[in-house]
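Residues in the sequence shown are numbered from 1 upward in steps of one, following UniProt numbering.
C-beta: ideal position from N, C-alpha, C; glycine also.
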Amino acid sequence: GMGKLLAEARLVLESEKQAVLHGTHKRILPGVSLVLLSDVISAFTNNKYTQNLSSPITFIFSHHVMSPGPTQKVFCVFWERSQGGCGHWSTRGCRMVTTTDAITICQCNHLSSFAVLMDHYNEELPGLAVITHVGLGISLLCLLLAALTFLLCKAIQNTSTSIHLQLSICLFLAHLLFLTAIEQTEIKVLCAIIAGALHYLYLASFTWMLLEGLNLFLTARNLMVVNYSSVRRFMKKIMFPVGYGVPAIIVAISAASRPYLYGTPTRCWLHTGKRFIWSFLGPVCAIFSVNLVFFLMTLWLLKSKLSSLNSDVSTLQNTRMLTFKTTAQLIILGCTWCLGILQVGPAAHVMAYLFTIINSLQGFFIFLVYCLLSQQVREQYKKWFKGIRNRRAESEKYTLSSKVMSDSSRPSMVRGEIK
1 GMGKLLAEAR LVLESEKQAV LHGTHKRILP GVSLVLLSDV ISAFTNNKYT QNLSSPITFI
61 FSHHVMSPGP TQKVFCVFWE RSQGGCGHWS TRGCRMVTTT DAITICQCNH LSSFAVLMDH
121 YNEELPGLAV ITHVGLGISL LCLLLAALTF LLCKAIQNTS TSIHLQLSIC LFLAHLLFLT
181 AIEQTEIKVL CAIIAGALHY LYLASFTWML LEGLNLFLTA RNLMVVNYSS VRRFMKKIMF
241 PVGYGVPAII VAISAASRPY LYGTPTRCWL HTGKRFIWSF LGPVCAIFSV NLVFFLMTLW
301 LLKSKLSSLN SDVSTLQNTR MLTFKTTAQL IILGCTWCLG ILQVGPAAHV MAYLFTIINS
361 LQGFFIFLVY CLLSQQVREQ YKKWFKGIRN RRAESEKYTL SSKVMSDSSR PSMVRGEIK
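In structure tokens:
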């Protein structure tokens, strides 16, 4: 209760400690979470002089066994009151003499309420920001091309295309907002709104991914059925209420219960404290698990179809293409975020790079699988390019004929003037 409340208070470092910290950890961002390691000790005396003591007071704290990692720092702190009855942890006048796994010795030149805190920092890996920006830039371009294709290509417009389109739009808006506004932390209210918008857009993206998995499974189940009307009616009824309604409900409940946890000092995203991040990770993990089940069930259905098809070459080719797209679907929807969950232990940095590279190129994979690898879309692209070339040729032909007529009319005018 009280320990959690005190641990959530902010920590104010002295300028000297800030300089040392930034000099030692040049790639470390400001601390994002505090852990109260020890009990809070309050020291009082009858002497009215309790500040700037000539002999510092030594405190010995016992705490839970811990071994600070490279992105963790232990501080000796005291509770400093501020105007308005609030307060914060401060390191002013205190220093850490030594620390072990279970004991920390501190010295302070004043009396107050003291404790030992451990601050967790985020380490920014070199080149990761560049990879993110380049990858998301490529992804944005591919998502825009994919969305235009789904809108303009009449030959492929169906329920599946509608789901592809909504997924592309949600991912495009989420990535665009992430690139342009994730670090706009100066205005807290604006940062909270940005965090809420990102929360909704990424949840909507994952919900449409879930609908992709469901639609793929239903398509595989009805592969041998000529009439898909029942599947189409079912998907049309549920896809928009589920795709946009469920994320809205989750974000509304999260914002109503803990609005102050939208936005952090360094990023316009969700706070990791109070397990608030699980309002995003929980649905994501659930969707990934369900999509994995859909994937395995789809593979089982396709295996049965392949074993029963011997003579129908056309259907066999369609089934194999669906199998390939199912595998690609797992790569697009699963592997990227699975790598994000696996960012622990010695391989955390490697997983961070893999996660960033693959996840930032998700739009490219969508454009590749749903557009470039679709024969209907490629044929439509050829028609469009052929039409553009024909119009350009006609335009050049018209310009040339106009120039010839203009040149041929000039001599006659000159001859008329001579006569």
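- Look at SER54 here: in three-state DSSP terms it is coil, with no helix or strand label.
- For the set SER374, ALA195, HIS64 and ILE138, the Cα lying nearest the Cα of PRO259 is the one of ALA195.
- Residue burial is scored here from C-beta neighbours: VAL189 has fewer than 16 other C-beta atoms within 10 angstroms and is therefore classed as exposed.
- Across the set THR104, CYS371 and VAL251, the C-alpha of THR104 shows the shortest separation from the C-alpha of SER38.
- Closest by C-alpha distance to THR298, out of LEU210, ASN158, ALA220 and HIS110, is ALA220.
- Close CB contacts of GLN376 within its chain, under the 8 Å cut and outside five residues either way in sequence, are with CYS153, ALA155 and ILE156 (chain order).
- GLN157 carries a coil assignment under DSSP once its states are collapsed to helix, strand and coil.
- Where LYS274 is concerned, there is no enclosing alpha helix (DSSP H), because DSSP gives it neither an H nor an E.
- Separation of LEU167 and MET209 (C-alpha to C-alpha, rounded to the nearest whole angstrom) is 7 Å.
- The three-state secondary structure of LEU148, taken from DSSP, is helix.
- Counting along the chain, the unbroken beta strand (DSSP E) around THR99 starts and ends at 94–99.
- The beta carbon of LEU136 sits closer than 6 Å to those of HIS175, LEU179 and SER360, all from its chain and outside the five residues before and after it, given in chain order.
- For GLN362, the enclosing alpha helix (DSSP H) covers residues 362–367.
- Out of LEU296, LYS303, ALA256 and ILE250, the CA that lies nearest to the CA of TRP278 is found in ILE250.
- Residue burial annotation: GLU186 is exposed, with fewer than 16 other C-beta atoms found within 10 angstroms of its C-beta.
- Your pair THR50 and LEU111 checks out as a contact, with CB atoms roughly 4 Å apart and the cut at 8 Å.
- When secondary structure is reduced to three states using DSSP, ILE182 falls in the coil class, being assigned neither helix nor strand.
- DSSP places ARG391 in the helix class (H, G or I) of the three-state scheme.
- Under the three-state reduction of DSSP output, LEU373 falls in the coil class, being neither helix nor strand.
- When the beta-carbon positions are compared, TYR370 and PHE150 come within less than 9 Å of each other.
- In the DSSP annotation of this structure, HIS64 is not part of any beta strand (DSSP E), being labelled neither H nor E.
- CA-CA distance, ALA197 to ILE388, rounds to 39 Å.
- In its chain, beyond the 5 residues on either side, no residue has a beta carbon closer than 6 Å to the beta carbon of TRP300.
- Membership of HIS110 in any beta strand (DSSP E) is not indicated, and neither H nor E is assigned to it by DSSP.
- Less than 9 Å separates the beta-carbon of CYS170 from that of ALA204.
- Annotation: the segment 167–252 contains the following complete segments of the alpha helix (DSSP H) (minimum length 4 residues), in chain order: 188–221 and 229–240.
- DSSP places LEU136 in the helix class (H, G or I) of the three-state scheme.
- Nearest to CYS76 by alpha-carbon distance, out of VAL284, VAL350, GLY87 and VAL116, is VAL116.
- Going by DSSP, GLY87 is part of the beta strand (DSSP E) stretching over 87–90.
- Between GLY213 and PHE294, the C-beta spacing is below 9 Å.
- The secondary-structure analysis by DSSP pairs TYR262 across a beta bridge with LEU270.
- With respect to LEU330, LEU292 sits close: the two C-beta atoms are nearer than 9 Å.
- As DSSP reads the structure, LEU117 sits in a beta bridge with LEU36 and PHE75.
- Listed as beta-bridge partners of PHE59 by DSSP are CYS106.
- Under DSSP, the beta-bridge partners assigned to GLU80 are HIS88.
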